[in-house]
Amino acid sequence: MPLNRSTPSLRWRLFLAFLLLPSTLSAAQPDREALEAETMRHFQALIRLDTTDPPGREVDAADYLEKVLTAEGIEVNRFALEAHRPNIVARLRGNGSARPVLIMAHTDTVNVDPAKWTHPPFSADTEGGHIYGRGTLDDKDNVVAALMTMLTLKRLKVPLNRDVIFLAESGEEGATRVGIQYMVNNHFPEIDAEFCYAEGGSVARREGKVRFASVQTTEKIPRAIELTASGPAGHGSVPLRQNAVLHLTRAVAKVGDWRIPVSLNETTMAYFQRLAGISEPEAAQRYLDILHPDPAIRAPADDWFVENEPLHASMVRTSISPTIINGGYRVNVIPSEAKATLDTRLEPAQDPETFLETVRQVIDDPAIKVAWVPRDLRPPGISGLNTEAFKVLEAAVTKHYNATTLPTMSTGATDMAYLRSRGIACYGIGPAVDGEDGPLGYGPHSDQERILESELHRFVRFNYDIVRNLAAGG
Ligand SMILES: [Zn+2]
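In the working numbering, the protein residues as written are -14 to 459.
Put into structure tokens, the structure is as follows:
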């Protein structure tokens, strides 16, 4: 059904007329039913646009958002390194007494194998309380929440102390040069803000009950180390002790066996402390033990993590995963060179050169060259827990989810790193997701993707609240 987006619906017009009564203005809250219907309309429309990256084609989503925002009289600008991959920046002006808040979401999605989907990936079908489609959790949920927040703030004429900026960025899933890097390097004043909310957190549900809300406040720094083993070439029939393949495999094994020392920061310390508060006694003790300054008390908890909770083992240290090995080209030739690549995730406070030197000492083999691989550098940054933006978030988590907020350090990389490096305090948020859904194959980047409709709506209300409370106060 064609939609007329150029004028607000009758319901909205009646509602806005109602709001003109001054006595209701301070308690202004959006009409829930109308908001949910409109949220669904925009969400399904966005899911039905194929913006898989590569190749991207974010232009369709950008056109859609620009049209909806412009129709409401919201200021919108488009910035594109490549015309078919634009970024959209919308702005609501405040009185300038505080610096802006940025809400960021990406319009591209990862690819799909349509054969794996029971509901086609761009159908936005609904069934059993879920909405199906690529991007439902990553990241069109954040796109639509930001959109609805902008529309609602505008319609309710909420007086703002800060500008509210919405960045719908392209290229997040692997082409940041057209998205966040392009914006930060070429149009930073358009998105410069004191605080930012973006993807990167979520609310964990199990058996239909909310357990906690995770808010991403920092992330590890992705780097890569290359090991190059050198030795004499020779005939495979005459074994050589200097065989480069042997040296390389020994070096990889040493790195694999090395227990990299635990290093914690404000975020990870608060994470384990709060996680202990909502865990069963045995687990809670481990989460407290890992924080203990005495290595003898910490060690058993760390051993447990390494064996049973690899994500936690990674969160408490700089980590290394050997991921690529190359060497040799035929069975009867001992090659003169062999290489391995180590996926390295630095704890944000870790000095890279000191770490590399330690890796050299661990390997302790002059036949092995240890060096950083040139890679897109995401500069380190941690967003504090003692900020207005975080406090507003915690209060909203309590109000909407009645749950504990866990600040988290993600082991993977997000676009917020580029903003943190420019001084913006960023917080990763997300809707509630059933823990059971991941193993069933419905997570972000999974074979299929879906979101609970009720949780999408709750997330929209949550999003509106945090932005409104941060930008308008109260
Ligand atoms: Zn994403």
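Heads up, the beta-carbon is just placed ideally off N, CA and C, and yes, glycines get one too.
A residue is called buried when at least 16 other Cβ atoms come within 10 angstroms of its Cβ; Pro217 does not meet this threshold and is exposed.
The shortest CA-to-CA distance from Ala261 to any of Phe447, Leu391, Tyr49 is the one to Leu391. In this structure, the straight-line span from the alpha carbon of Thr134 to that of Val128 is close to 10 angstroms.
It is roughly 48 angstroms from the alpha-carbon of Pro337 to the alpha-carbon of Thr111. At least one heavy atom of ligand 1 is found less than 7 angstroms from the C-beta of Glu184.
Residues of the same chain with a CB within less than 6 angstroms of the CB of Ala131, apart from the 5 flanking positions on each side, are Ile88, Ala90, Phe151 in chain order. Contact between the region 382 to 390 and the region 149 to 165 is not established, with fewer than three Cβ pairs separated by less than 8 angstroms.
Taking a contact to require three or more Cβ pairs closer than 8 angstroms, the region 443 to 459 and the region 359 to 369 do not qualify as touching. Between the beta-carbon of Ala47 and that of Leu31 there is about 11 angstroms, and that puts the pair past the 8 angstroms contact cut. Within its own chain, the residues whose Cβ lies closer than 6 angstroms to the Cβ of Val74, once the five positions on either side in sequence are excluded, are Asn62, Leu152, Glu175, listed in chain order.
For the pair Leu276 and Glu251, the Cα-to-Cα distance works out to about 11 angstroms.
Glu60 and Arg78 have their alpha carbons spaced roughly 9 angstroms apart. Contact check between the region 403 to 410 and the region 172 to 190: three or more CB pairs, one atom from each, fall below 8 angstroms, which counts as touching. Distances from the alpha-carbon of Ala456 to those of Val377, Ala22, Ser108, Thr329 put Val377 closest.
When DSSP assignments are scanned along the region 168 to 254, the uninterrupted stretches of beta strand (DSSP E) that are 3 or more residues long and fall wholly within it turn out to be 180 to 184, 187 to 191, 194 to 204, 206 to 215. Ligand 1 has no heavy atom closer than 7 angstroms to the beta-carbon of His115. Every beta strand (DSSP E) of 3 residues or more that sits fully in the region 108 to 140 is shown, in chain order, as 115 to 117. Distances between the C-beta of Asp123 and the heavy atoms of ligand 1 include at least one below 7 angstroms. By the CB criterion at 8 angstroms, Arg363 and Ala402 fall inside the cutoff. According to DSSP, residue pairing for Ser304 in a beta bridge involves Arg330.
Between the beta-carbon of Leu437 and that of Gly114 there is about 6 angstroms, and that keeps the pair under the 8 angstroms contact cut. Note that the region 291 to 307 does not touch the region 184 to 201; fewer than 3 beta-carbon pairs, one per stretch, sit closer than 8 angstroms. Leu331 is not a Cβ neighbour of Ile210, given a cutoff of 8 angstroms. A residue is called buried once 16 or more other Cβ atoms fall within 10 Å of its Cβ, and Arg226, having fewer, is exposed.
Within the DSSP secondary-structure output, Ala356 pairs in a beta bridge with Glu211. Buried is the label assigned to Ile116, since at least 16 other Cβ atoms lie within 10 Å of its Cβ. Relative to the Cα of Glu67, the nearest Cα in the group Leu145, Ala160, Ala22 belongs to Ala160. The region 261 to 274 makes no contact with the region 410 to 423: fewer than 3 CB pairs, one atom from each, lie closer than 8 angstroms. In the three-state reduction of the DSSP assignment, Leu391 falls in the strand class, which pools E and B.
Under the 10 Å beta carbon count, Lys125 is surrounded by 16 or more other beta carbons and is classified as buried.
Rounded to the nearest whole angstrom, the C-alpha separation of Lys101 and Pro429 is 14 angstroms. When the five nearest sequence neighbours on each side are left out, the beta carbons in the same chain lying within less than 6 angstroms of the beta carbon of Pro85 are those of Arg147, Asp148, Ile150, Ala178, in order along the chain. Contact between Val53 and His27 holds: their C-beta atoms lie close to 7 angstroms from each other, under 8 angstroms. The C-beta distance from Ser187 to Pro416 rounds to 7 angstroms, short enough to fall under 8 angstroms.
Residue range 410 to 414 is occupied by the beta strand (DSSP E) that includes Ile414.
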